[in-house]
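To start, the structure under review is shown below, and the notes come after it.
In the numbering used here, the protein residues as written are 77 to 284.
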């Protein structure tokens, strides 16, 4: 009789342990799912966003020769209206890249540069990109293309510009310089050779 009672007690104790283990497993399952959701939110979604915002175009780095930048006259005027010989200004470029051409759909003046003087401007396009996140995610032909800024003299990259080309905004395709008379663009594969330019009349779809 004593042995039966002891055996019954052992069975009851084992069942209790099994129930405790199930509760712990349920707890860890919820913790695992929560960790997975956080991982997706922190790592995966930003990666998807960056891929949609600015698709990679390695050909722009490896062989920019022959690549053409197409600029609507209306967007060129943004550079012209904003130019100030005594103060460099920055711009954020949005549009599309196909096999041989970069189509600039929108030029936006960077409103809040970190530093700005007659000889330099330090800015990023985080606010401008963030303000367009819906359009950037939903439209396949609207991406962040790169940046441009003004120079008081020559429409070419300075030594600092050339040295920093591609060090930030690694996912951008081009960088532009405007000196009040000439607009030039450079691909991240060649900081010296200017890309070909084409100016077009603006319309609802200026590629039509």
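Just so you know, even glycine gets a beta-carbon here, dropped at the ideal spot from N, CA and C.
From the options, residue whose alpha carbon lies closest to that of residue i
i	options	result
residue 143	226, 270, 277	270
residue 200	160, 165, 210	165
residue 268	237, 256, 254, 258	237
residue 170	226, 213, 232, 258	213
residue 220	181, 239, 187	181
residue 173	230, 216, 240	216
residue 151	259, 202, 264	259
Cut-off 8 Å between Cβ atoms - residues of its own chain near residue i, not counting five sequence neighbours on either side
i	result
residue 149	275, 276, 277, 278
residue 124	Confidence is the limiting factor: at residue 124 the pLDDT is only 49, short of 50, which leaves the residue's position unreliable, though a coordinate-based value still follows. Closer than 8 Å at Cβ, skipping near neighbours: no residue.
residue 162	194, 228
residue 158	165, 167, 185, 226
residue 196	164, 236
residue 257	231
Where residue i sits in the DSSP three-state scheme
i	result
residue 270	coil
residue 174	coil
residue 222	strand
residue 233	coil
residue 163	coil
residue 215	coil
residue 151	helix
residue 260	strand
Residues near residue i in its chain [Cβ-Cβ closer than 6 Å; skip 5 each side]
i	result
residue 177	144, 146
residue 191	198
residue 245	Any reading at residue 245 must be qualified, since the residue scores a pLDDT of 48, below 50, and its modelled position is unreliable; no value is offered.
residue 184	168, 204
residue 273	145
residue 252	224, 261
Sequence-distant residues of the same chain with beta carbon closer than 7 Å to residue i, five excluded per side
i	result
residue 211	218
residue 189	166, 197, 198, 199
Whole-angstrom C-beta distance between residue j and residue i, which should lie under 8 Å
i	j	result
residue 249	residue 206	In fact, because the Cβ distance is near 19 Å, the residues do not count as touching under 8 Å.
residue 255	residue 230	6 Å
Q) In the stretch 173-208, which residue ranges form an unbroken beta strand (DSSP E) of at least 3 residues, counting only runs that do not cross its ends? A) DSSP runs (the beta strand (DSSP E)) wholly in the stretch 173-208: 177-185.
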